[in-house]
Amino acid sequence: MEVKLTVQTILNFFALDLIFNPIVNFILPINGLGVFLSFIYWGLLLGLSYLLSVFLRKEKNT
1101 MEVKLTVQTI
1111 LNFFALDLIF
1121 NPIVNFILPI
1131 NGLGVFLSFI
1141 YWGLLLGLSY
1151 LLSVFLRKEK
1161 NT
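For what it's worth, my numbering labels the leading residue of the sequence shown as 1101, then goes sequentially.
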């Protein structure tokens, strides 16, 4: 992975976390199931931020 793509992925991750974190905290209470689902949330958020970075780089190059 290139350095620019890595940095953009990290920035997108933090931005998406700021957007979706209040919603997820309202839906998922803090308990055993909430902790398990939060790992799924972080994984989905990381994948989405990477895909968004790739999409934005393709749009910039075209």
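For each residue, glycine too, the CB sits at the ideal point set by N, CA and C.
Secondary structure at residue 1102: coil, using DSSP grouped into helix, strand and coil.
In this structure, the beta-carbon distance from residue 1112 to residue 1138 does not fall below 9 angstroms. By the 16-neighbour rule on beta-carbons within 10 angstroms, residue 1145 is buried.
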